[in-house]
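What follows is a single structure, written as structure tokens, with notes after it.
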Amino acid sequence: MNDHTDHNHPNGKLIIAIDGPAGAGKSTIASRLARKLGYVNLESGAMYRALALKAIDQDASFDDEATLVRLAQASRIQLEPTLGGNRTLLDGRDVSSRIRERDVTEAASRVSVHPGVRAWMVARQQEMGGGGGVVMEGRDIGTKVFPDADLKIFLDADPVVREQRRMEQQKIKGAVAASVAADLRERDQRDRTRAASPLVAAEDAVVIDSTGMAEDEVLARVEELAAERLRRQIGS
Ligand code: DC
């Protein structure tokens, strides 16, 4: 077993993986949980988004795997946890807001289908989180990045509820809302059906369906699970 999958992290801090589809509430729960535990919250999706932005800026095709891998290798993608949330830096430039825009969102979903891109991302993510004391969120954290994570959560919700939450979050209404919802469905479908690391709950993940749950309820449940894992680790 190598360092990043070692259950007994020298600092006694857990690796917590939170996976699930867009709009299930991963980001909010991961950042609130990390704050409570004094852990770092790493948002792996921001890394795919940063690479997608680089591809847009360089006019690279989202279907050209070899070029995308070369772009990734030549990029400096940094996730910088701050008190106000995560900052994402691409080659030293703060791209935190830019990567949330619609063109990047769409491109991120397309660049993330390539196994070569994923292998590069997974290796970086293992380096970043391997020391423990981390809540990492994404689509493949419990299955590929940290298959031996101390706690794996798969956070899901009804698609209609997820779409509504996204609209509220982004304050979108009317006709734009309908097309954004259609985009979300399409990305969802792509994430779940791609050949390389499709979005799927790890066998040993705790599945939480947040459809009828308030955010505080979900957080309480996740905190309870983390506390139980910490007790188990101290006791072992
Ligand atoms: O979580 P997000 O919406 O910021 O992710 C952006 C895209 O990146 C999304 O379409 C799926 C992809 N992604 C992935 O394939 N694996 C991850 N661990 C995180 C995100």
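Last residue of the sequence shown? That's 305 in this note's numbering, and every number before it is there in order.
Glycine is no exception: its CB is placed at the ideal position from the N, C-alpha and C atoms.
Does DSSP classify Gly-185 as helix, strand or coil? helix
For Gly-207, name the three-state secondary structure that DSSP assigns. strand
Look up Leu-159 in the DSSP assignment and give the residues it is bridged to. Ile-146 and Arg-162
Residues bridged to Glu-112 (per DSSP): Glu-206
Work out the CA separation of Ala-129 and Val-191 for me, nearest whole Å. 22 Å
Residue from Asp-172, Arg-234, Gln-258 and Ala-295 whose Cα sits closest to the Cα of Gly-267: According to the sequence provided, residue 267 is Pro. The question's Gly does not apply to it. For the residues Asp-172, Arg-234, Gln-258 and Ala-295, the minimum Cα distance to Pro-267 belongs to Gln-258.
Does the Cβ of Lys-123 have 16 or more other Cβ atoms within 10 Å, making it buried, or fewer, making it exposed? buried
Three-state secondary structure (DSSP) of Leu-83: Coil, per DSSP.
Quick one: Cα of Leu-294 to Cα of Ser-144, how far? 36 Å
How many whole angstroms separate the CB atoms of Asp-165 and Thr-157, which I take to be in contact at a CB cut-off of 8 Å? Per the sequence shown, residue 165 should be read as Ser rather than Asp. Confirmed, about 5 Å.
Cβ of Phe-223 within 7 Å of Cβ of Val-291? no
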